[in-house]
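These notes concern the structure reproduced below.
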Amino acid sequence: MTPDLNLMSLFIGSIFTSNILLANFLGMCSFISISKNMQSSNGLGIAVTVVLTITGIINWLVLNYILIPTNLLYLRYIIFIIVIASVVQILEMIIDRVSQSLYMALGIFLPLITVNCAILGVALFIEIRQYSFWQTLLYSLGSGIGWWMAIVLLAAMRKKIEKSPIPETLQGTGITMITIGMMAMAFIGFSGMLTVQ
Amino acid sequence: MSSAKEIFKENLWTKNPIFMQVLGICSALAVTNLVTNTLVMTVGVTLVTAFSSFTVSLLKNFIPSRVRMIVQVLIIAFYVIIVDIILRAYAPEISKSLGPYVGLIITNCIIMGRAEAFALSNPPLLSFWDGATSGFGYMTVLMVIAIIRELLGFGTLLGYPIVPEGFTPWTIMVTPPSAFFLLGTFVWIAKIILKKQGAEI
Numbered sequence: 077m078t079p080d081l082n083l084m085s086l087f088i089g090s091i092f093t094s095n096i097l098l099a100n101f102l103g104m105c106s107f108i109s110i111s112k113n114m115q116s117s118n119g120l121g122i123a124v125t126v127v128l129t130i131t132g133i134i135n136w137l138v139l140n141y142i143l144i145p146t147n148l149l150y151l152r153y154i155i156f157i158i159v160i161a162s163v164v165q166i167l168e169m170i171i172d173r174v175s176q177s178l179y180m181a182l183g184i185f186l187p188l189i190t191v192n193c194a195i196l197g198v199a200l201f202i203e204i205r206q207y208s209f210w211q212t213l214l215y216s217l218g219s220g221i222g223w224w225m226a227i228v229l230l231a232a233m234r235k236k237i238e239k240s241p242i243p244e245t246l247q248g249t250g251i252t253m254i255t256i257g258m259m260a261m262a263f264i265g266f267s268g269m270l271t272v273q
Numbered sequence: 047m048s049s050a051k052e053i054f055k056e057n058l059w060t061k062n063p064i065f066m067q068v069l070g071i072c073s074a075l076a077v078t079n080l081v082t083n084t085l086v087m088t089v090g091v092t093l094v095t096a097f098s099s100f101t102v103s104l105l106k107n108f109i110p111s112r113v114r115m116i117v118q119v120l121i122i123a124f125y126v127i128i129v130d131i132i133l134r135a136y137a138p139e140i141s142k143s144l145g146p147y148v149g150l151i152i153t154n155c156i157i158m159g160r161a162e163a164f165a166l167s168n169p170p171l172l173s174f175w176d177g178a179t180s181g182f183g184y185m186t187v188l189m190v191i192a193i194i195r196e197l198l199g200f201g202t203l204l205g206y207p208i209v210p211e212g213f214t215p216w217t218i219m220v221t222p223p224s225a226f227f228l229l230g231t232f233v234w235i236a237k238i239i240l241k242k243q244g245a246e247i
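So the sequences go chain by chain: A and B. My numbering numbers the first residue of the first sequence as 77 and each following residue consecutively. My numbering numbers the first residue of the second sequence as 47 and each following residue consecutively.
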């Protein structure tokens, strides 16, 4: 069954109410370690959005035209990982050739992305929810933008928090977690209006 | 080389993967609203960590260091597929409610982290033990969070109602933000105790 969803609401929903990070907890590892720095957060956010959109589409094509017809669905985890790793590798080479300055800004984040759970998570959600091609495109783009927005917002907040008097034992991970929790409440506040499932 | 007992203590408390190293929280926070799901998920993570550490350590002399990452990912994916197939066969309902999170064990940083940091330089059995205790440390923290969330959010434990009549369930405990709040508080309390014990934080 293909869920009958308005494409626009799927797109908006994947950015806000079903934010891949705040509602599904995907991509937390790099989120917490990178968000100390505003500039890197922005770079990583852009890189995640680009990789997520490209791999989402390629994984959809692989799933529907190779894995399902040949009945190899149980190999999907390995295939998805290989697709993601190769897309990241190719993208790194292309960026290196095309623009040195872009490579300096984004290149260092690309290897990190291979192990970012958000990328594999989106591929698996697409498979489980049986999205169509356009739904896949908008869902992966929306999830990328949502992730990007969340990390930039958190980086800005952490900058302020650094200067605030916080008990020594709560500093670092503890306060970051609680801040993310509050952000999540704000994002999910709209969840009655839109659903992505 | 550290002894088995030290490894146990480190992985469970002073170097707990969750609150000291902040690893692998991605895939598991999402399932902590029900104790049953958390239990299945963390047992899966523990098994995969233990067996993939064992395998990586066994093969460490045969893996060329240039391609070791991809080999490790394939070893981990192999065990995750086994866990996934077993779940589908014996617990189809839990497998369905866990959704994509079983597959996401592959990208759980704890497993890769243990393989890279410990298994590559230690003998197989010790690596297995290290993987298993890391998984166990991870399980303990998530189980505490899951018990609080299920008890306050649904008023049940493992699906059985245990709170008295007239209790109003806390809706926030069912939603994702509560997992962040609880984990943040947990990290805080753990660090206070660790500091009293004189450990580095």
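Glycine is no exception: its CB is placed at the ideal position from the N, C-alpha and C atoms. From a predicted model like this one, the values you see are computed outputs, not experimental measurements.
Given this structure, state the Cα-to-Cα distance separating residue i from residue j, to the nearest angstrom.
{"i": "Leu144(B)", "j": "Ile237(A)", "result": "35 Å"}
{"i": "Val81(B)", "j": "Glu196(B)", "result": "7 Å"}
{"i": "Val159(A)", "j": "Val126(B)", "result": "18 Å"}
{"i": "Met115(B)", "j": "Ile166(A)", "result": "17 Å"}
{"i": "Phe97(B)", "j": "Gly177(B)", "result": "8 Å"}
{"i": "Lys112(A)", "j": "Arg234(A)", "result": "7 Å"}
{"i": "Asn82(A)", "j": "Phe201(A)", "result": "17 Å"}
{"i": "Phe87(A)", "j": "Leu214(A)", "result": "5 Å"}
{"i": "Thr131(A)", "j": "Gly244(B)", "result": "47 Å"}
{"i": "Thr60(B)", "j": "Gly205(B)", "result": "33 Å"}
{"i": "Ala262(A)", "j": "Asn95(A)", "result": "11 Å"}
{"i": "Ile122(B)", "j": "Glu211(B)", "result": "46 Å"}
{"i": "Thr212(A)", "j": "Asn140(A)", "result": "12 Å"}
{"i": "Ala231(A)", "j": "Gly89(A)", "result": "23 Å"}
{"i": "Lys239(A)", "j": "Pro169(B)", "result": "46 Å"}
How is residue i classed by DSSP in three states: helix, strand or coil?
{"i": "Leu203(B)", "result": "strand"}
{"i": "Trp343(A)", "result": "Any answer about residue 343(A) is impossible in this case: the structure gives chain A only from 77 up to 273."}
{"i": "Ala123(B)", "result": "helix"}
{"i": "Gln206(A)", "result": "coil"}
{"i": "Ala260(A)", "result": "helix"}
{"i": "Ser180(B)", "result": "helix"}
{"i": "Glu139(B)", "result": "helix"}
{"i": "Asn118(A)", "result": "helix"}
{"i": "Leu240(B)", "result": "helix"}
{"i": "Met191(A)", "result": "Per the sequence shown, residue 191(A) should be read as Val rather than Met. DSSP places Val191(A) in coil when its eight states are reduced to three."}
{"i": "Asn62(B)", "result": "coil"}
{"i": "Leu128(A)", "result": "helix"}
{"i": "Phe213(B)", "result": "coil"}
{"i": "Gly51(B)", "result": "In the sequence under discussion, the amino acid at residue 51(B) is Lys, which differs from the Gly named in the question. Reduced to three states, the DSSP call for Lys51(B) is helix."}
{"i": "Ile116(B)", "result": "helix"}
{"i": "Lys236(A)", "result": "helix"}
Taking 6 Å as the limit between beta carbons, can you name the residues of its chain near residue i, skipping five residues before and five after?
{"i": "Ala165(B)", "result": "Ser99, Val102, Ser103 and Ser173"}
{"i": "Val86(B)", "result": "Ile140"}
{"i": "Phe65(B)", "result": "Val233 and Ala236"}
{"i": "Asn135(A)", "result": "Phe156, Val159 and Ala199"}
{"i": "Leu229(B)", "result": "none"}
{"i": "Arg191(B)", "result": "A quick correction: the sequence has Ile, not Arg, at residue 191(B). Around Ile191(B): Thr78 and Leu228."}
{"i": "Leu133(B)", "result": "Ser141"}
{"i": "Asp130(B)", "result": "Val148"}
I'd like the list of long-range same chain contacts for residue i, defined as Cβ closer than 7 Å, with 5 residues on each side in sequence excluded.
{"i": "Lys55(B)", "result": "none"}
{"i": "Ser224(B)", "result": "Arg195 and Ile218"}
{"i": "Leu182(A)", "result": "Gly119, Ile122, Ala123 and Ile171"}
{"i": "Val228(A)", "result": "Ser117, Asn118 and Gly121"}
{"i": "Gly159(B)", "result": "Leu69"}
{"i": "Trp39(B)", "result": "For residue 39(B) there is no data in the structure shown, the boundaries of chain B being 47 and 247."}
Use the C-beta contact count for residue i: other C-beta atoms within 10 angstroms, 16 or more gives buried, fewer gives exposed.
{"i": "Trp210(A)", "result": "exposed"}
{"i": "Ile208(B)", "result": "exposed"}
{"i": "Ala99(A)", "result": "buried"}
{"i": "Met77(A)", "result": "Annotation note: pLDDT 37 at Met77(A) (below 50); position unreliable, coordinate value reported separately. When all chains shown are included, Met77(A) counts as exposed."}
{"i": "Glu203(A)", "result": "buried"}
{"i": "Gln118(B)", "result": "buried"}
{"i": "Phe213(B)", "result": "exposed"}
{"i": "Ser65(A)", "result": "The shown model of chain A, from 77 to 273, leaves out residue 65(A), and the question about it has no answer."}
{"i": "Ile142(A)", "result": "exposed"}
{"i": "Arg152(A)", "result": "buried"}
{"i": "Arg173(A)", "result": "exposed"}
{"i": "Ile144(A)", "result": "exposed"}
{"i": "Arg112(B)", "result": "exposed"}
{"i": "Gly265(A)", "result": "exposed"}
{"i": "Glu168(A)", "result": "buried"}
{"i": "Leu102(A)", "result": "buried"}
Keeping to the same chain, check which residues put their C-beta closer than 8 Å to that of residue i; ignore five residues upstream and five downstream.
{"i": "Met104(A)", "result": "Leu97 and Cys193"}
{"i": "Leu128(A)", "result": "Ala194, Ile195, Val198, Ser216, Leu217, Ser219, Gly220 and Trp223"}
{"i": "Leu58(B)", "result": "Thr179, Phe182, Gly183 and Thr186"}
{"i": "Met189(B)", "result": "Val81, Thr84, Leu85 and Thr88"}
{"i": "Thr221(B)", "result": "none"}
Tell me whether residue i counts as near the ligand MG, meaning its Cβ is closer than 6 Å to at least one heavy atom of that ligand.
{"i": "Ser85(A)", "result": "Although the ligand MG was asked about, the structure shown includes no ligands whatsoever."}
May I ask you to list, following chain order, the residues of the segment 123-148 of chain A that have a beta carbon less than 7 Å from some beta carbon of chain B?
Within the segment 123-148 of chain A, not one residue has a Cβ closer than 7 Å to any Cβ of chain B.
Scan the segment 87-116 of chain A for residues whose Cβ lies nearer than 8 Å to a Cβ of chain B and list them as they occur along the chain.
Those would be Leu98, Ala99, Asn100, Phe101, Leu102, Gly103, Met104, Cys105, Ile108 and Ser109, in chain order.
Chain A contacts made by the segment 203-232 of chain B, where a contact means CB separation under 9 Å
Along the segment 203-232 of chain B, going in chain order, the ones with a CB nearer than 9 Å to a CB of chain A are Ile218, Thr221, Pro222, Pro223, Ser224, Ala225, Phe226, Phe227, Leu228, Leu229, Gly230, Thr231 and Phe232.
In the segment 147-172 of chain A, which residues sit with their C-beta less than 9 Å from some C-beta in chain B, listed in chain order?
Tyr150, Leu151, Arg152, Tyr153, Ile154, Phe156, Ile157, Ile158 and Ala161
With 7 Å as the C-beta to C-beta threshold (strictly closer), list the residues of the segment 196-208 of chain A near chain B in chain order.
Listed by position, the residues of the segment 196-208 of chain A near chain B (Cβ gap below 7 Å) are Leu196, Gly197, Leu200, Phe201 and Ile204.
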